[in-house]
Amino acid sequence: GAVVSQHPSWVICKSGTSVKIECRSLDFQATTMFWYRQFPKQSLMLMATSNEGSKATYEQGVEKDKFLINHASLTLSTLTVTSAHPEDSSFYICSATKHPWDSYGYTFGSGTRLTVV
Amino acid sequence: DAKTTQPNSMESNEEEPVHLPCNHSTISGTDYIHWYRQLPSQGPEYVIHGLTSNVNNRMASLAIAEDRKSSTLILHRATLRDAAVYYCILSGTDKLIFGTGTRLQVFP
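Those sequence lines, one after another, are chains D and A.
Sequential numbering of the first sequence, starting at 1, is according to this note's numbering.
Sequential numbering of the second sequence, starting at 1, is according to this note's numbering.
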């Protein structure tokens, strides 16, 4: 089956530093990858959609200069949280769709718990 | 994006069937109905999906109303491991937008 690997599973960083989170599709080509964030006891909120080789499309209210997304290949997308602050502490989850898309096509990573101190 | 409405929470006893409802009155003809579930501190896990016909897999069954304005996820025999938040999501070929989901509690 389709597997998406997300790394790291948790990270603690100091305020003002940047953190990179990787999302890899292990056994399929992912034309499109999605990044979500989730606060405690809340649902997943879509942050952005990234297509391989093109700029990410950010949802309304998400700062593209703060959350840098790179989708350089069909198997790897990265999310960099720049100049992180405590309010950026959250659970970040990536998802990938297969190429070509089929109706099964959304696989999620296991998430990254970011804590900014 | 078409929205879905789910109860905030439901309870079940172990070994009993569970019917999780979802209303989606604004569904379009090309929207698939997806169900995912999320255990604490994990990413969502695929459960089942369908378009028009009822669907069965090893995890669950999906019953879709004839007018497609509602659907029901059926867990035939709930186990403690089924305790999770269940999300009913409509999507075409693009992004998945999550609603608030139904928190299922399973009691031994």
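Beta carbons: idealized from backbone N, C-alpha and C, even for Gly.
Reference residue i, options the options, closest by Cα
{"i": "S43(D)", "options": "G101(A), I64(A) and Q105(A)", "result": "G101(A)"}
{"i": "P86(D)", "options": "T115(D), T97(D) and S95(D)", "result": "T115(D)"}
{"i": "E133(A)", "options": "T79(A), H24(A) and I27(A)", "result": "Residue 133(A) is absent from the model: chain A starts at 1 and stops at 108."}
{"i": "E22(D)", "options": "V62(D), P8(D), A30(D) and A84(D)", "result": "P8(D)"}
{"i": "I93(D)", "options": "S12(A), G43(A), H19(A) and N54(A)", "result": "G43(A)"}
{"i": "V81(D)", "options": "T31(D), L74(D), V62(D) and V3(D)", "result": "V62(D)"}
{"i": "P108(A)", "options": "I89(A), Y86(A), R77(A) and Y36(A)", "result": "R77(A)"}
{"i": "C22(A)", "options": "V106(A), E16(A), G29(A) and Y36(A)", "result": "Y36(A)"}
{"i": "K20(D)", "options": "V11(D), L26(D) and D27(D)", "result": "V11(D)"}
{"i": "M10(A)", "options": "T26(A), K3(A) and V18(A)", "result": "V18(A)"}
{"i": "L20(A)", "options": "F98(A), L62(A), R81(A) and G99(A)", "result": "L62(A)"}
{"i": "T26(A)", "options": "T5(A), S12(A) and P40(A)", "result": "T5(A)"}
{"i": "A72(D)", "options": "R37(D), S54(D) and K66(D)", "result": "S54(D)"}
{"i": "Q6(D)", "options": "N51(D), L68(D) and S77(D)", "result": "S77(D)"}
{"i": "S18(D)", "options": "N70(D), L79(D) and F91(D)", "result": "L79(D)"}
{"i": "S28(A)", "options": "T52(A), P7(A) and Y86(A)", "result": "T52(A)"}
{"i": "F98(A)", "options": "P40(A), Y86(A) and L39(A)", "result": "Y86(A)"}
Beta-carbon neighbours of residue i, restricted to chain D and to distances below 7 angstroms
{"i": "F98(A)", "result": "S43 and L44"}
Proximity test, Cβ basis, 8 angstroms: residue i and chain D
{"i": "K3(A)", "result": "no"}
{"i": "Y46(A)", "result": "yes"}
{"i": "G101(A)", "result": "yes"}
{"i": "K95(A)", "result": "yes"}
Partners in chain D for residue i, counting only beta-carbon separations shorter than 8 angstroms
{"i": "Q42(A)", "result": "S110 and G111"}
Beta carbon proximity, residue i to chain A, threshold 8 angstroms
{"i": "I93(D)", "result": "yes"}
{"i": "Y106(D)", "result": "yes"}
{"i": "F34(D)", "result": "yes"}
Residues that residue i bridges to, as DSSP identifies them
{"i": "I21(D)", "result": "L79(D)"}
{"i": "Q38(D)", "result": "F91(D)"}
{"i": "R103(A)", "result": "S9(A) and V85(A)"}
{"i": "K95(A)", "result": "Beta-bridge pairing links K95(A) to no other residue."}
{"i": "H85(D)", "result": "In DSSP, H85(D) forms no bridge with anything."}
{"i": "Y36(A)", "result": "Y46(A) and Y87(A)"}
{"i": "Y106(D)", "result": "None, per the DSSP bridge assignment."}
{"i": "R77(A)", "result": "Its beta-bridge partners do not exist; DSSP assigns none."}
{"i": "H71(D)", "result": "According to DSSP, which records beta bridges pairwise, H71(D) is partnered with nothing at all."}
Amino acids of chain A, ordered along the chain, whose beta-carbon sits closer than 7 angstroms to that of residue i
{"i": "T49(D)", "result": "K95"}
Examine the Cβ distances between the region 66–86 of chain A and the region 33–48 of chain A and report whether three or more of them are shorter than 8 angstroms.
With a cut-off of 8 angstroms, the region 33–48 of chain A and the region 66–86 of chain A count as touching, because enough Cβ pairs lie within range.
Would you say the region 92–99 of chain A touches the region 55–69 of chain A, given that touching needs at least three Cβ pairs under 8 angstroms?
These segments do not touch.
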